[in-house]
Structures are given as C-alpha cells and as structure tokens.
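In terms of our numbering, the sequence shown opens at residue 1455 and continues consecutively. The C-beta atom is built at its ideal place from N, Cα and C for all residues, glycine as well. Fair warning: this is a prediction, and the values are worked out from it, not measured in the lab.
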Amino acid sequence: MQPINAPLNFDPNETPHRRRNLLTGEWVIVSPHRTKRPWQGQVERTPPDNRPAYDPQCYLCPGNARAGGKHNPPYTGTFVFDNDFAALLPDGPTGDVSQGEFFQAQAETGICRVICFSPQHNLTLPEMAVPEIRRVVDVWAEQIEDLGRRPNVNYVQLFENKGAAMGSSNPHPHGQIWSSYHIPQEPAKEDAHQQAYFATHNSPLLIDYLAAELVAQERIVVENAHWVAVVPYWAVWPFELLVLPRRHVTQLPDLTDAERDSLAELFKRLLTRYDNLFETSFPYSMGWHGQPTDGASYAHWQLHAHFYPPLLRSATVKKFMVGYEMLGNPQRDITAEQAAARLREQSEVHYKNRALPIGES
Ligand code: H2U
Ligand code: ZN
1455 MQPINAPLNF DPNETPHRRR NLLTGEWVIV SPHRTKRPWQ GQVERTPPDN RPAYDPQCYL
1515 CPGNARAGGK HNPPYTGTFV FDNDFAALLP DGPTGDVSQG EFFQAQAETG ICRVICFSPQ
1575 HNLTLPEMAV PEIRRVVDVW AEQIEDLGRR PNVNYVQLFE NKGAAMGSSN PHPHGQIWSS
1635 YHIPQEPAKE DAHQQAYFAT HNSPLLIDYL AAELVAQERI VVENAHWVAV VPYWAVWPFE
1695 LLVLPRRHVT QLPDLTDAER DSLAELFKRL LTRYDNLFET SFPYSMGWHG QPTDGASYAH
1755 WQLHAHFYPP LLRSATVKKF MVGYEMLGNP QRDITAEQAA ARLREQSEVH YKNRALPIGE
1815 S
C-alpha cells in the first residue's frame, strides 16, 4: 500500500523508514534496501530429532522425579505444577520498599507454575493433534481463572519459551505461568496505549487494527473463522506474529467452545508453517496478553498472543538484538510484508510427515 502523504521518492519496499508499535509506542527501523533479494535460499539442516517418547531423565515426563524430591503423577494429558524454583513467592509483603528517591523498589509476590502440554517427551505443539492442543487452550483458560481470582494476583502471564536457542531448559513440550501482584511492564504499556485509543475512538485498538490489516492483506499469514495471525506492521523479530481473535474478547476464559477449537486448529497450522520455514523445530518465546485480573473494567483491551522467534535466515542463524538496537532502537532488514509472504508460502503439512521421494530415506 502506497502511504498517503508520502513523498514521491518514498518506496516502503526500498526506502529506510521507522514504524511505530501502536501497542507500546516504540519504534522499529526498517531497512528494506539491505535485502535486495528477500530470501537467500539457504536451509541448513539440523540433526534429526531422535528424542524418545519417554525419557527417564526428564523432570517433566510422567512418573519422574523433579528437583526437591517431588514426583510427577502418571499423567496422560496435560499436567500443571508449582514451579520448584519459582521466581516469585505467594506469601509475602507487598508495597513500596524504596530507600529514598534513588533506590526505588516494590515488594513483589506471585505464583509460578509449569504446564506440561503432553505426556509425550518427543512432541511439540504443531506435532500434537488438534484436540490435544485444544486441551492446552482449556488449561490456559483454567489457570487464568484459578490464579486471577486470588486477591494478590493482578496479572497472569502465560508463556512458552521454546527451544535451546531461547534458553529453554528441556525439550519436553511445556509452558510456564507467572502470576504477580504488579502488572508487568509489557502488558502495562499495552494497557495504556489501548486505553488512550479507546478514549478517543470508542473502539478497541486491536479490533480496528485487525480490520485495517484485513483490508491491506499484506501481512496476514493464516486465518480461520475466529482467528487471524498477522506479522504486525511494527514487527521487530524477523518472523514475529500477532494472533488476534476476530471478536472483541478481553481474556482467554471468555472464549467460546468454537473459538477454542478454532484456536487449536489455527495454532497447528501456524506452528507447522514455522517449523517448515527452516525445517527445524522453530524456537520462540510466545505468550498471551489478556486483561489484568484486578477486577477493574477493561473494555479497551483485546486478547492476543505474541510470537517472538529469534531465527533470521536458517535453523542456526539468528537475529541478535545488539549494538544500535540496545542503545537506539530495534532494526530489521526483511520487511514485515516479506516475512508474511515467506510464511504464507509454507506448507501446512509438517516437514517430518512429508512423503520422501522413492530412494531417499
Ligand atoms: P523453561 O521453560 O525455561 O524450560 O523452564 C522450565 C521450568 O521448570 C523452570 O522455570 C522449572 C524451572 O524452574 N523446574 C521445576 O519446577 N522443577 C524441576 O525439577 C526442574 C525445573
Ligand atoms: Zn519428558
């Protein structure tokens, strides 16, 4: 789309520019002239993944011992437990603990849990069946309800840190929950920007943004009856995605049965595309941003998930957020539109299940 009011010599696919993240107010520099060819074509194969379905050494597999002597039950679906090395502790003081103007601090409390997505050690979300992914969606919603109703829990952050490239300690399919007294800074920034937009437009920011993306049709990757996955206009990570419900919904527990089924289906397709991009189990940090659980009114909020994958060019070449990006602001070469096109080209049949030509094994 050629921008309105743009100087005649501005080409969004050629000219360096910066884009604003409407959820956080932050900027990203886009340098499309550095990718004369949008894709270099290299796919480095990683060694095949020969993990067993059950690993006696894994602290997340059913029946196994965890740190501190606890044992996992012989679970057959999903399994949630309190993190044995929780970053936050439930019982403690809250409030200001500053030591004057220069040493500002607040006591923090919270509950941290781990969610095993499947008993099977060698699976990942895209390799699970849609009804099994649906079960994960239900667990996410249950956890928001369970933790969110506690008096000292004002935000419940669900996330998955996947792959060694992201520092995940264990390939067993799992995610985490950190719930806290304070609203963490990412959702707090998003809250402020969504609130400001709602105050002037009387409509949720992400509902209007999605409508504009559906008109533009440049950054949409996958969609179904209830959900849309888009490379946001302001994406920082090369293959970043924003997953949005079509309906106005502020938190996971409010999703209908049909929306949950449809979300599981969308995740399966989306994550299969991610894996197929570099023929590797795609690493990322993902998480849900729903409304805070402090009981206030959040009509301006729209539920969404972020996927932040580090990979840039292959299974091993990742983007580093260093130098100018730490000191100035983030920058990218491949545009959000090019990234969306690359993801749209991918098959929805997982590369591990692709039929091999006769003679190859
Ligand atoms: P990753 O999502 O980064 O892989 O972390 C797994 C979590 O599992 C981590 O937060 C917890 C760690 O504290 N853990 C346990 O609760 N019990 C254990 O026995 C080992 C790891
Ligand atoms: Zn395991």
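With a threshold of 7 Å, establish whether the CB of A1521 neighbours any heavy atom of the ligand ATP.
In the structure on display, the ligand ATP does not appear, and the ligands it does have are the ligand H2U and the ligand ZN.
At a cut-off of 7 Å, is H1525 close to the ligand H2U when judged by its beta-carbon and the heavy atoms of the ligand?
Checking every heavy atom of the ligand H2U against the Cβ of H1525, none is found closer than 7 Å.
Test item, CB below 6 Å from any non-hydrogen atom of the ligand ZN:
Listed along the chain, these residues meet the criterion: D1509, C1512, L1514, C1515, H1575, H1626.
For the alpha helix (DSSP H) containing D1645, name the first residue and the last one.
1639-1655 is the span of the alpha helix (DSSP H), which, as asked, contains D1645.
May I have the straight-line CA-CA distance separating V1669 from S1716, to the nearest angstrom?
Each residue's Cα considered, the two are about 22 Å apart.
For L1766 versus K1773, is the C-beta distance shorter than 8 Å?
In contact: L1766 and K1773 (Cβ atoms closer than 8 Å).
At 4 residues or longer, what runs of the alpha helix (DSSP H) sit wholly inside the region 1610-1635?
Counting whole runs of 4 or more residues, the region 1610-1635 contains no alpha helix (DSSP H) stretch at all.
Quick check on D1715: does DSSP put it in helix, strand or coil?
Correct three-state label for D1715: helix.
Please determine if the region 1583-1592 and the region 1544-1555 are in contact, where contact requires at least 3 C-beta pairs separated by less than 8 Å.
Contact between the region 1583-1592 and the region 1544-1555 is not established, with fewer than three Cβ pairs separated by less than 8 Å.
Do P1573 and P1516 count as a contact pair if the criterion is CB distance below 8 Å?
Yes, the pair counts as a contact, with Cβ atoms nearer than the cut-off.
Verify the contact flag: G1621, CB atom, against every heavy atom of the ligand H2U, threshold strictly below 7 Å.
Yes.
Going residue by residue through the region 1657-1715, where are the continuous alpha helix (DSSP H) segments of at least 4 residues, counting only ones entirely within it?
Runs of alpha helix (DSSP H) with 4 or more residues, each lying fully within the region 1657-1715, are found at 1659-1670, listed in chain order.
Length of the line joining the Cα atoms of G1531 and A1595
Our two residues, G1531 and A1595, have alpha carbons roughly 16 Å apart in a direct line.
Check whether the Cβ of G1465 lies closer than 7 Å to any heavy atom of the ligand H2U, and answer yes or no.
It is Asp, not Gly, that sits at residue 1465 in the sequence shown. Flag unset: Cβ of D1465 not near the ligand H2U.
Could you tell me the distance, in whole angstroms, from the CA atom of P1510 to the CA atom of W1632?
Taking the straight line from one Cα to the other gives about 27 Å.
Local Cβ density within 10 Å of G1629, reported as buried at 16 or more and exposed below that:
Result: buried.
How would you label Q1745, buried or exposed, when you count the other beta carbons within 10 angstroms and need 16 or more for buried?
Classification for Q1745: buried.
Of the residues H1760, K1806, E1802, the one placed nearest N1615, counting alpha carbons only
Residue H1760 is the option with its Cα nearest to N1615.
DSSP-derived helix/strand/coil call for F1774:
Of the three classes helix, strand and coil, the one that applies to F1774 here is coil, per DSSP.
Ordered along the chain, which non-local residues of its own chain (more than five positions away) have a Cβ less than 7 Å from that of L1577?
Cβ within range, chain order: P1627.
Could you tell me which residues DSSP puts in a beta bridge with C1570?
Under DSSP, the beta-bridge partners assigned to C1570 are F1533, H1628.
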